[in-house]
Structures are given as structure tokens and as C-alpha cells.
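Participant: Chains as they are written, first to last, in the working numbering: chain Z, 7 to 301; chain P, 310 to 812; chain F, 2 to 310; chain X, 2 to 310. The structure follows.
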Amino acid sequence: HRGEPADSGKPRVALVLKTLNNPFFIEMQRGAREAADRLGVDLVVQAAERELDVEKQMQIIENLIQTRVDALCVTPSGSKEIIPAILKANRAGIPVLILDTKVDASAEQEGARFDTFIGSDNYQGGRLAGQFILEQLGGKAKVAILEGIPGHETGDNRLRGFRDAIAGAPGVEIVASQPANWERDQGFNVFQNILEAHPEVDTLFACSDLMALGALEAIAAAGRTGEIRIIGFDALAEARQAIAEGTMLASIAQFSDEMGRLAVENALRRIRGEEIPSSIPVRIELITKEQVDTR
Amino acid sequence: MKAITKAFPGVKALESVDFDLHAGEVHVLLGENGAGKSTLMKILSGAYQRDAGEILLQGQPVEIDTPASAQHLGISTIYQEFNLIPQMSAAENIFLGREPSKWGGIIDRERLHGEAALLLAELGASLDPSTAVRSLSVAEQQMVEVAKALSVEARILIMDEPTSALSGGEIRLLFETIRGLQRKGVGIVYISHRLEELAEIGSRVTVLRDGLVVATHRVGEVALDELIRQMANRELKDHFPRQREAPGDELLRVEDLGARGRFHGVSFSLCRGEILGLAGLVGSGRTALARVLFGIDRFDSGSLWVHGRPVSLNSPRQAIAAGLGFLTEDRKAEGLVLNLSLRENVSLPSLDRLSSWGVVNRKAEQELARGFVESLRIKTPSMEQPVVYLSGGNQQKVVLSKWLAGRADVFIFDEPTRGIDIGSKVEIYQLMNRLTAEGAGILMISSELPEILGMSDRILVMHEGRIAARFTHLEADQEKLLQAALGRGVSRAGAGAQGRPAE
Amino acid sequence: MSHLGRRFGTLLGLVLLCVTLWILSPYFLTPSNLVNVVQQTAVNAIIAVGMTFVIVSAGIDLSVGSIVAFSGVILASCLQAGAPLPLALLAGLAAGGACGLVNGLLITWGRLPPFISTLGMMSVARGAALVYTQGRPISGFEADFRFLATGELGFLPVPVLIMGVVYLLSHLLLSRTRFGRYTYAIGGNEEAAQLSGVSVRFHKSMIYAFSGLTSAVAAIILTARLNSAQPIAGFMYELDAIAAAVIGGTSLLGGEGTLTGTLIGALIMGVLRNGLNLLGVSSFLQQIVIGSVIITAVLVDALLKRRAS
Amino acid sequence: MSHLGRRFGTLLGLVLLCVTLWILSPYFLTPSNLVNVVQQTAVNAIIAVGMTFVIVSAGIDLSVGSIVAFSGVILASCLQAGAPLPLALLAGLAAGGACGLVNGLLITWGRLPPFISTLGMMSVARGAALVYTQGRPISGFEADFRFLATGELGFLPVPVLIMGVVYLLSHLLLSRTRFGRYTYAIGGNEEAAQLSGVSVRFHKSMIYAFSGLTSAVAAIILTARLNSAQPIAGFMYELDAIAAAVIGGTSLLGGEGTLTGTLIGALIMGVLRNGLNLLGVSSFLQQIVIGSVIITAVLVDALLKRRAS
Ligand SMILES: Nc1ncnc2c1ncn2[C@@H]1O[C@H](COP(=O)(O)OP(=O)(O)OP(=O)(O)O)[C@@H](O)[C@H]1O
Ligand SMILES: Nc1ncnc2c1ncn2[C@@H]1O[C@H](COP(=O)(O)OP(=O)(O)OP(=O)(O)O)[C@@H](O)[C@H]1O
Ligand SMILES: [Mg+2]
Ligand SMILES: [Mg+2]
């Protein structure tokens, strides 16, 4: 009397995202969905309501294990906190593919096995942004930073990469670094306040495009459009448009749709018993006007 | 207590008051509403802190800074306003703070209920100790309060208007209990506005007026009229000023009305210009009837006419629109919005009339409130005083004003003079006279038989949810009413009131 | 007295905060920064208006943030579909008011506790916004709409003006009208209000609808300001709005509160966040400071009150 | 009667939910999944214990999530510093209890509204956790500690066992002891409780300390489960805990509520989330479903109650 979800005979792949409250992951979902439709895969996408909630992500994985999916693709909300969940999947004999965020090195000690890592490095992305300032902007900048939620790993990595890249560069000075909690409206407010205290700021690095787009409007409200170079992160569609219009200078693209596609493709290969590489790098690029225009 | 002084913002409640209490006596405290009686006792019980003065217990100065420390000193209190936890059972309330327990902290429920049942039975209260207090009637709650105070072995027992919500039977039993305590050497402070009680149980009496002690007498050495003069600072001649014209058209008619489990077969009518008294014992169904008449609760059988038309009232709003007004017996729970001001409480049912385009006319509101403050002599520092800070009697006057201010002509008054001093009562009776003269009819529920006898034109007596007897005010007397309320001699008394049939 | 004392205490808290910031930062007490602060406060302050009505009536509204998102995307999609500005605004307001009304009906006719009904609405409205937009923001509007955030009349930015008008009208509504009086009465003693002939169900429903409406007004400003409506907007706004009301002296037990108090409460939070940015306080420390300042501001108030009594 | 009716209604809601899921998904009613659900519910359910005490006393505790994070990192740092397990556990519990006690003291001696004091603590404890760890999680513990999450006694996972013990003891505390009676009394009518000689200040302080303590117990399980203590853990847990209590029939106005109700409330939320995952409902729709189910579950309850009266 009860429908048997696996009755289609299609391979079932689960994709567990950090959250769907973020265009980055919506793109990832889209990429995965397209691949799944193409390849005849039964794709289940689940995400916690809140990106920070590592425990909810663990619950989702536990629950999906109960439904005996054929493969599990996960974007870890916490690089260490994901390990117990991977162990559970291992025990259930479900292949695990990690996306976007690397699993902490201690996984090996713990005996947690995953089949591949598909993605790029947030730390690397932060470095790219920093190097861009050094190399392309003449190495001179008074920088303000908009941080994500304090203590949130993704933001921390981007931030560390950025700071490491510009460390020691004589002409680059960080004059302000404040959290705007990943949110567009806080990006607006916080940057408006930073501009009050530091009118000399000429460069903004925002740990996500959402905050950058908020700041963009704050700059417009202050009548200083074009005076401040904005570098965002994620290369959202809106950010690309802003880059094309010249109101934003650059953003870091991680191609999450590609990650989604690769995840489904490789999950399928893994289910069929084929070998897959233990690491599948996805491009990470700095997007500027040229790249946007050539698309 | 020596030279006790206490001020509230805008009010000097007590001014250098001396008060003493001997073991085994009942010291009655008299005074008008707002005279400071409750305040004085709250200082003794640790609920308030005095501004100046001294408290001596058996000659030793003591510091009473919390209710708990008063309890340790053997001072037990029945407050004028109920202090019960509505969600908890009667038994739990009675022993709150002193639960019988075993193994350090686990409550011994059996003992709790057993002892509570015993205490309540002693007081003649036939209520199940496990019922939640919020579903008890006001009178029953009062019994719980009394039981709560008696559950401690106290040296001093303070009783602030313990009988204002009770009727004859319970009062007698309560007095028995008081006498028993007296014999055990407990000193009792007794506050009441029912002066007839004074002679019955009082040993000494102290009169307070405006926060000052006027005099202390031995009971029996002073005439009632003299006490009244000392309280009110004026003469009071007629305690029940009755002025009535011949009754006019019928306002309200009830036929065979019944609500399951509460009352049945109730029929009567109320005409313009008359006061219909409704007497009965606690729990006889009077309040339940009033609630149905006002559209709060539904009836299961029978019918209801207002102004000659059959109506079915589904909400108080509809009842008010139909010309009804209902003064509830529980002023704190149902009558007042405690944190709103006097002005705002008085005008609440009349806001439709007092506002234009939804904007409240404050001037008109103030005028309205001022009128009642003056005519009912409500003691308050201002019209803007939140009613929570008024004395009990003055709160009652606010509830009364609230309904007098409306445009009703069918009034249901449930214990209207509860806690009101004798002087103000007369004023309220005069107001009732004025209402009837203007063509209103009043259904007056009261447990004070003198009031029922003194003010009603006709009297109904309820017993266990039925009308047990009907009288005209001429044929009734205390004994007849009491017998009927107890369910005795119904048939004999029943015929008289049919003199003016409902039809 | 107690009312006034209360408001005075929080006002003192605000003043103390401002003086501290004025000493610590040269940028704080500049006209442009002050205008910024008020402007940044507008969204929360406006949501807090409806919240104050709700809390005064002894309720709570957890759905305001989600209603901001929902009415924002409705408004934005109307604008993008080319609807004339007034119509789009009306659609946004109607969406917010409707969500609020559903809250009210669930509470009055469904007899749900306000916490549950608005918690449910919080999820449902957010989910509806996400489904409606497929999770994507709707961005890029005409100048006439954006004027609502970027425009100035005299030296006053339009959002500040809107906030002023909302506060003025709502203050009159709460303190001068029958509707306001019934709100206090319901919050103070619902049963007494009912027995006094107040149609409690009707009024409560209206109170929640009003809260939905003010959230929609906030959504208009937010959308115009960011030039974008996001389905994930307004996240955790309920907490800020409740905080503004409670810091401003509104009691969660109902029956007490004023809109001047709420405005002060919202300003305290706005000034605090602004100050932390101006001072460049490190992100980890910010949380500690915010918490401590909120506690201190209200402690000042509580102490003053104790003095008075 | 009303108590029982209330609990019965929510229980019926839970049963209906389970039956629906059983029909919709073959994976739901398997022993392993049921154990799984209960285990996932443990953290929220345990936090909700303290929350129930607080709400019954007519208060609110917004700081539970932050206390989870704070006591988690204290515990974790003790473990990493090589402290013996019992000592580390004690340190974590003490940290939680202390935060709760501060809440209580601010409320009783500082006369702050519970909302404000715990809102402040929510920020401060979170900030303290961030500063203490410099924002980084503390991970990797010995097997003996992790046993608290991964171990099983018989077929019962240890977290479920801990939850059972916490509920049993707390239920006795709330329903059988003076402490419990006073909690109800304070919530029902604080003034009356005071006048009856209950030391309201002392008891309230203890109630908030107890809530801090149960949050710390939850932190132990959470940390062991994730093998990591994060300074940002427990974000928005307060909402889930309050929801569990309120769905379970605890009134935010105080004086009413039971722990069996709260447990049912927590299970409803846990089962619901589990079921949505099993069914593979899309994330956007999930929010709509969660909101609707919460409303429906409590509506069932409200309807039953109306029938009864
Ligand atoms: N908490 C308070 N705050 C402000 N004023 C108060 C407070 N309590 C009492 N008062 C005022 O003190 C005066 C004395 O009040 P009290 O309650 O002692 O009167 P009472 O003699 O008991 O009157 P009643 O017969 O009406 O009970 C009154 O004017 C009252 O308004
Ligand atoms: N609709 C109702 N819902 C709940 N309880 C009710 C309702 N109507 C009446 N009661 C309760 O039923 C009990 C009996 O009330 P009843 O009206 O019989 O008392 P009464 O005659 O008014 O007594 P009193 O002398 O106290 O006025 C009381 O506890 C009252 O509160
Ligand atoms: Mg008194
Ligand atoms: Mg009665």
C-alpha cells in the first residue's frame, strides 16, 4: 500500500547542501538537477534551514541513510563536524562525495572514508582576491572588509586567504574589518557606517557577493559610486551584472553549478562500480569585466 | 505597632498609627474605603515596608521585611484581595510554601489532600480540594483563603474582609472557628464593613480615618451610630434609603431557563423601576444565571426576552447593545483592567459613545470619571491612578461606576457592595434609587440579607439551581430567606411572590 | 508616573550611549552619521510598531521577518511585471496585511497561542517567498520606486520621513483612539475587556493584521534601499523588533507600552551597531558589547524605577 | 482534566503525524529510524526541559543556544587540556549553570525582564565562546567522551538514555517537589507566591540556573556527537526549545505546562523533520510543510479542548 520510492530502478543520489537560502547553493542544485535529468538519476536535494547548523546537517544525513540512497553528495557545513556523519555513511556502505568544502585532515585518523572531493578552496579564493589587489591594482589600497558570521568556517577561510595574500604588502592597509553576517541589508548598514568613519577607504573586499551588493547600494546612497573598488565572492548573477556595468570590480567564482554536475556524474560512476579520482578540482577564478564580457 | 507611617506616591496612607493586639482577642479594624486598614495589616504581614515606626512582638522589636519572616513570627494573613494561584488546586494553594513533604522536597500528596480536606470541612466548605482554584466561585476561593491562613499554627491571625464574599451559613461556621482560635489564645485582627459582625465576635474596635487612628473602644461600650460617625465624620441616618415608584413595563423576562449542571427551570421578570433581589447560598447558581443573561455562557433550555422581544445573546457585546449591564462579583479577574487608570476603566464599556471617528474624547472621559469619583467618593490621588493602587473598596466603586456610566436600563449587579464601607453603601443605594426612578430595572444578587431586604421590591431565593421561593419585600424577613436558601419550607413561602406574575 | 519614569529611564540609557560614543569616536556626532543611524533604524523601528501593538495586547509575532520577505518579493515581482508603482505598493501591503490577518484569525478563531500561530506563519511565509522566487532575489527597479529609499525631502531621507509618519499615526492610534484603548485593555485583562463589550476577536485579528501591515511597510523601504527583494530577507528581524519594544518598556505580559519607548529602544539598537562599526570593534567582541549594553541600558531604567518607588 | 486533555491532544497530533509518515514512507516505521529520530530529538528535548521550567515560571530564556556553545567550548577545551572526563563534564555543566544563574540574578536582583536579560546573555555567551576559541572549533576527543554520543547500552543509544534520565528526574522535580510547585506558583501568580512566603527571588534564580544546566547537558551530547565544539553551535536553538514546550501545551503566560507535553512537542518537531527528509521534500516546500504541520498539530489540540468544554 505504500509507495516504494526506489521502485523506479533508477539510481538514487542524495545531495545535501549547507542551505538553500543562498544563490550559490541554488546554482549547485540547478547543475546537479540538470545532470540528474540527463543521466536518469533520481536526485534528492536536502538542506538545513540555516547554514551554520552542522547538527541539522548531520540529522539530514542520518535520515537519508535510513532511506538507503545509493550515493551521498555533501557540502560540509563544518569540515571537522562532518566526520562523524561520514563515518555513519561508511558504516551503511553508502559512497560519499564531498563538495565545495574540504574535510579536515583528521578524517583519515578517524577512519572516515570518502570517495572524492569535488570543489575548490575558499582559502584559495580569498588569496586570489588579495593577489588581485597586489597585482592588478598597483598594490596600493585602503581596504575595508565585510566579514560573514563570526566563527563561520567558510567566511574564516576566505578571510584568512585574503589576509595572508596581502600580508606584508607595504601599500595595502586594512582600515576596517567588520562582520555583516552574510546579509545584504547588513552589508548596506555596516558599510555605510564604515564609510562614515573611514571615508578614505578605496577598496572593499566582501566575503560574499550578497554583502557586496548591499554595500554597493550604500556607496550609491553616499554618492560615491565608482570611487570604491569592490571585490566580492561567489560571482552571483547579480554581481556579474554589476561587474559588467562597472559598479563592481571583481568577484571570485567557484562554479557551484559545475560542482553539482560533477557530483551527480561521479556519483553515478561510483554506483556503477567505476573508479573515480580522489580529487576533482573545480576552477576557481577571479571574474572581472573581461571575463563577464567574453561570456 | 507604634507610630507606623506609610506613604505612597500622592497618598499618605498611614500617619503615625498605633495599634496593639492581645492574645485571645478579636480586634476589629473599622474605617472607610481607603482609610488605610489593609495597608496597616500589610505592613504587619511583611507585604509592605513601613516608612517609619516600630513593630513590637511580645515587647521585643521585630523586623518584618518579607512575608516569609512574618510567617516565621507566627503571623498569618488573609488578604483582602485573593492571593491564590489560579492554575493550582485548592489543596496546593492552602499549603503553598509549607507543603508537607518527605525525603527533603518530595511532596506528600496524600497528606496534602487529606489535611486540606479536613480544614475545608471544618469551615463547612463542600469543595473538592483537588479542583483548580480558577474554576471555583469567588466564595469558594474565599474559603480556600481562610483555610490557607488557618493551616498554620499562628499566634496572630489577620483577616481582611474575610466575609465579604460569603453568605450566612459559611459566616457562622467561620465565627465558630474564630472563637475556637480565641480560646487557644490566638490574637485576631478582623477587618469588615459588615458592622453587625462587630457585636458578634469583636472584643475591641479601632477606627481609622484617612490614615489616622480616631479612637479605640471596647465592643459594647460604644454605640454603632457613634462608630459610624467616627468613621465617616458625619451622620448617617437611613441605612437603606428606599424610594420607589410603581413598576413600569417589563424589561427582562426569563422563562424556564436552564443551563445543564448549573440551574434549571428559572422563570422571572424584571420591570422598569424595580429592584429584584436574588438571594441564595454560595454555589446556588446565581452567578451562573447572571452569566447566561449577559451572553457570556449559553443556556440549554427556556427562553429570554429583553424589552419584550425574544433574544439570544451570544456575547457581552450583544448584551450591552440590548441594554444590559453586568457588574461581576470578581472585580480583579473580570471587572477591572488593573494596570489601566481609573478613567480608562470607567469609560471602557462606553467608549463607543465617548469617541467620534474612533478617537476617544478625553475631556468627556475625564468628566465622566470625575463625576463618579465625586458622587461615590472614590478615594484616589487622581483620575490617572492605575486602579491596581486603589484600596479594595475603591476598586469596587470603580467597577460600579463603569456600569453606571453605560446606557443600560437592565442592570445585573452581582454583589455590588462587596467591600464597600457603610457610608458609601448608602450613596450607592441612592444611585440605585435614581436609576430606578429613571426607568431602569435592577437584578441584584447579594449575599448580604439586610441589603436584599432593605433594597429589593421582590425577592427570589435560589437553592441548588432552582428558584426555591419568591417574596415581596413586605412579606420577607431574614429567617424566611435563610430557610428558603437552605431548601426548607419552600412551598409555604413560594406563593407570595406570584402576586405579580411574570405573564 | 511609572509610565513616564519608564520611558525616561530608557531615554537616559540612549543618551548615555550617545555620549559615550561621542567621546570615543569623532565620527559619531556628525549630521551625516546621525542621519545614517536613523535611516538604518527605520526598518526595524517600523516593524517594531506593529510588534508593540501585538505585545501590548499580550501577544507575540514571530512572523514579521518572513512577512517582510514575502511582501517584499510580491511587491518586487509586481514592479518587475510593470505594474504602476501605487498598485505594486498596494499589492505588497496587502500581502503583508493578509499574512497578519491569517495570524489573527488562527489566534482568535483557531484559539492557537500567538507564539504557535506566528511561528507557523514564520515558516510558511518564508517558504512561500522561496517557492515563489525559486530562491532567487528580484532586483533592479525604476528610479521612482527607489526614491522611497534614496530620495530626500529637505535634508530628511524619505525612509526617515516614512518612519516619522508611521510613528506619528500609530502613536495617535495607540494612545488616542478606541482601537488603541482596546489594545491595552485586551492585554491588561482580556476577560474584563470581553465583559465590557469589547469584541476581542475582531480587535485581536486587526492587531495582527496591523503588524503584518507595518512589516510590509518596512519591506518597501528595505527593497528600495537594497534595490532588491530577497526571499531570505528579514531573517531574525522578529528578535530585533521584540527587543526594541521591550527595551522601550513594553511588557511581554501585555497591557503596558508606548511607541515613544519603542522608538527609543530601536534607536538604542541602531546607535549601538553604528557605534561598533565606527569604532571598528572586533567581530568577536561585538557580541559581548551588544549584550552588555542592552542589559546596562535596561538596568539603568530598572534602577531609576526602583528609586522612584 | 484540561491538563490531560491538552496533553492528549498533542499526543494525538504526534500519532497522526506518525501514521501519515508511515503511509507515505516505507522507511519511517523501522526500528533503526525510530531510534534515529529519538536520538536526533535528544538535544532539543533536553534544552526544552529547562525551558519548560522557565516558561512555567512565566519567564523566557533566549540564551540557551549560546549557553550550549559556551559550555561546549569550555568542556572541549578542558578535554583537550587533558582533564579527566568527569572533571571536564563538570566544568561544562558549571559553565552552563553559571550563565543561567547570572540570568536569574539579573532578573531577580536587577529586576530586568527575562527577555532582556537572556537576550543580553545570548549575545554575551556567544561572544565569550567566540573570543575564547578565536572563532575556531575545538575538535577531536577520546573515545570515552565520544561514547556519550556513539555508545549504546542494550539497543538504546546513550543520548536517548541521557534524555530519558533527564526527563524522568526533571519530571519528578517539576511535578512532585516543592521546587516544582513553586515554579508553577511563581508562574501562576508571582505576588501570591511571594505573599505565601515563597522566596521568589531564590527560586527564580534557581530556575534559570537549571535551564543553563540542561543546556550544558545538551552541549555535552552535541559536542560528543559532532566530535567538535563550535563557538557558533546552538544558533537559534532557543526557538526550537520554546516551540517544543509551547506545542506541548506550556503556556507562555506561565503557570501551566508539563514535561510529558514538552517531550511530545520535541518529538513532533523531530519526527516532522525526519519525515520530510525521508520523503525528500524540497527544502523550500519543507518550510511551508513544517509551519503548516505545527499549526495543524496544535489546532487539533485546540479543537479537542473546545469539544471537551
Ligand atoms: N500599592 C499602593 N500604591 C499606591 N497607593 C496605595 C497602594 N496601596 C494602597 N494605596 C492607597 O493607600 C490608601 C489606603 O489604602 P488601604 O488599602 O489601606 O485602604 P483600606 O482601608 O483597606 O480600604 P478598603 O476598605 O477599601 O479596603 C488608599 O488611598 C489607597 O489608594
Ligand atoms: N460557564 C462557567 N464556566 C465555568 N465555571 C462556571 C461557569 N458558570 C458558573 N461556574 C462556576 O460554577 C460554580 C457555581 O456557580 P454558581 O453560579 O452556582 O454560584 P453562586 O450561586 O453565584 O454563588 P455565589 O454565592 O458565590 O455567587 C462556581 O464555581 C462558578 O464559578
Ligand atoms: Mg482594604
Ligand atoms: Mg456569585
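By construction, the Cβ of each residue, glycine as well, lies at the ideal position given by its N, Cα and C atoms.
(1) Between LEU149/X and LEU131/F, what straight-line distance do the alpha-carbon atoms span, to the nearest angstrom?
(2) Taking the beta strand (DSSP E) that LEU21/Z belongs to, which residues open and close that run?
(3) Please name the residues in the stretch 221-234 of chain X whose beta-carbon is closer than 7 Å to at least one beta-carbon of chain P, in chain order.
(4) Could you check how far apart the C-beta atoms of ILE289/F and ALA245/X are, in whole angstroms? I think they sit under 8 Å.
(5) Which of the residues in the stretch 166-189 of chain X, read from start to end, lie with their CB under 7 Å from any CB of chain P?
(6) Can you pull every residue whose C-beta falls closer than 7 Å to some heavy atom of ligand 4, listed in chain order?
(7) Would you say the stretch 619-634 of chain P touches the stretch 575-595 of chain P, given that touching needs at least three Cβ pairs under 8 Å?
(8) What is the residue span of the alpha helix (DSSP H) that TYR185/F lies within?
(9) Tell me whether ASP730/P counts as near ligand 1, meaning its Cβ is closer than 7 Å to at least one heavy atom of that ligand.
(10) Secondary structure at ASP360/P, three-state DSSP: helix, strand or coil?
(11) Can you tell me whether DSSP reads SER257/Z as helix, strand or coil?
(12) Should GLU334/P go down as buried or exposed, given a rule of 16 or more other Cβ atoms within 10 Å for buried?
(13) How many whole angstroms separate the CB atoms of ARG1/X and GLU408/P, which I take to be in contact at a CB cut-off of 8 Å?
(14) Taking 8 Å as the CB-CB cut-off, is GLY256/X touching chain P?
(15) Buried or exposed, going by whether 16 or more other CB atoms sit within 10 Å of the CB of SER578/P?
(16) Taking the beta carbon of LYS546/P as the centre, do at least 16 other beta carbons fall within 10 Å, making it buried, or is it exposed?
(17) Assign SER621/P to buried or exposed, taking buried as 16 or more other Cβ atoms, counted over all protein chains shown, within 10 Å of its Cβ.
(18) List, in chain order, every chain X residue whose beta-carbon is nearer than 7 Å to that of GLU856/P.
(19) Is there at least one Cβ from chain X nearer than 8 Å to ILE289/F's Cβ?
(20) For PRO695/P, which residues does DSSP report across the bridge?
(21) Using a cut-off of 9 Å between C-beta atoms, extract the partners of ASN392/P located in chain X.
(22) Strictly below 7 Å CB to CB, what residues from chain Z border LEU279/F?
(23) Give the residues of chain X in contact with GLU643/P, contact being defined as C-beta atoms less than 8 Å apart.
(24) What residue from GLU68/Z, GLY37/Z, GLU61/Z and ALA95/Z has the CA that sits closest to LEU35/X's CA?
(25) Given the structure, does ASP547/P come close to ligand 3, in the sense that its CB is under 7 Å from one of the ligand's heavy atoms?
(26) Please go through the same chain and pick out, in chain order, the residues whose beta-carbon is closer than 7 Å to the beta-carbon of PHE236/F, but skip the five residues on each side of it.
(27) Using Cβ-Cβ distances below 9 Å, what residues of the stretch 91-121 of chain F are close to chain X?
(28) Between which two residues does the beta strand (DSSP E) holding GLY833/P run?
(29) Is the Cβ of GLU757/P closer than 8 Å to any Cβ of chain X?
(30) I believe GLY105/F touches ALA210/F by the beta-carbon criterion, under 8 Å. Please report the beta-carbon distance rounded to the nearest angstrom.
(31) Terminal residues of the continuous alpha helix (DSSP H) containing GLY611/P?
(32) By the three-class DSSP mapping on this structure, what secondary structure does HIS502/P have?
(33) Is the closest heavy atom of ligand 1 to the C-beta of ALA474/P under 7 Å?
(34) Let me know the secondary structure DSSP gives GLY93/X once reduced to three states.
(35) Would you identify the three-state DSSP class for SER578/P, choosing helix, strand or coil?
(36) Using a Cβ cut-off of 8 Å, pull out every chain F residue sitting near GLY266/X, in sequence order please.
Facilitator: Judging by the given coordinates:
(1) Cα to Cα, LEU149/X sits roughly 38 Å from LEU131/F.
(2) Looking at the DSSP string, the run of the beta strand (DSSP E) that includes LEU21/Z is 18-25.
(3) If the cut-off is 7 Å between Cβ atoms, the stretch 221-234 of chain X has nothing near chain P.
(4) In fact, because the Cβ distance is near 29 Å, the residues do not count as touching under 8 Å.
(5) Near chain P, meaning a CB-to-CB distance below 7 Å, the residues of the stretch 166-189 of chain X are ARG177, THR178, ARG179, PHE180, ARG182, TYR185, ALA186 and GLY189.
(6) Cβ-based neighbours of ligand 4 within the cut-off: SER446/P, VAL447/P, ALA448/P, ARG595/P, THR596/P, GLU638/P, ASP723/P, GLU724/P and ILE754/P.
(7) Short answer: they don't touch.
(8) 179-189 is the extent of the alpha helix (DSSP H) around TYR185/F.
(9) Within the cutoff, so yes.
(10) Correct three-state label for ASP360/P: coil.
(11) Three-state DSSP puts SER257/Z in a strand.
(12) Buried, by the Cβ-count rule.
(13) Summary: the structure shown does not reach residue 1/X, with chain X confined to residues 2 through 310, and so no result is reported for it.
(14) Cβ-Cβ to chain P under 8 Å: yes for GLY256/X.
(15) By the neighbour-count criterion, in which a residue is buried when 16 or more other Cβ atoms sit within 10 angstroms of its Cβ, SER578/P is buried.
(16) Answer is exposed; the Cβ neighbour count stays below 16.
(17) It counts as exposed.
(18) Only positions 310 to 812 of chain P appear in the structure, and residue 856/P is not among them; the question remains open.
(19) ILE289/F counts as touching chain X.
(20) In DSSP, PRO695/P forms a bridge with SER650/P.
(21) At a C-beta separation below 9 Å, ASN392/P has these neighbours in chain X: ASN190, GLU192, ALA193, ALA194, GLN195, LEU196 and SER197.
(22) By Cβ distance, chain Z contributes ASN199, GLU202 and ALA203.
(23) Correct list: empty, because the minimum Cβ distance to chain X is about 16 Å.
(24) Of all alpha-carbon atoms in GLU68/Z, GLY37/Z, GLU61/Z and ALA95/Z, the one lying nearest the alpha-carbon of LEU35/X is that of GLU68/Z.
(25) Because no heavy atom of ligand 3 lies under 7 Å away, the Cβ of ASP547/P does not count as near it: no.
(26) Excluding the 5 residues flanking it on each side, PHE236/F has same chain C-beta neighbours closer than 7 Å at GLY66, in chain order.
(27) So the close ones are LEU107, GLY111, ARG112, LEU113, PRO114, PRO115, PHE116, ILE117, SER118, LEU120 and GLY121.
(28) This structure gives no information on residue 833/P, because the portion of chain P shown stretches from 310 to 812.
(29) GLU757/P does not count as touching chain X.
(30) 6 Å between Cβ atoms; contact.
(31) Element bounds for GLY611/P: not the alpha helix (DSSP H) but the beta strand (DSSP E), 610-615.
(32) In the structure shown, HIS502/P sits in coil (DSSP, three-state: anything other than H, G, I, E or B).
(33) No, the Cβ of ALA474/P stays beyond 7 Å of every heavy atom of ligand 1.
(34) Under the three-state reduction of DSSP, GLY93/X is assigned to helix.
(35) Of the three classes helix, strand and coil, the one that applies to SER578/P here is strand, per DSSP.
(36) Within 8 Å Cβ-Cβ: nothing; GLY266/X doesn't reach chain F, min ~10 Å.
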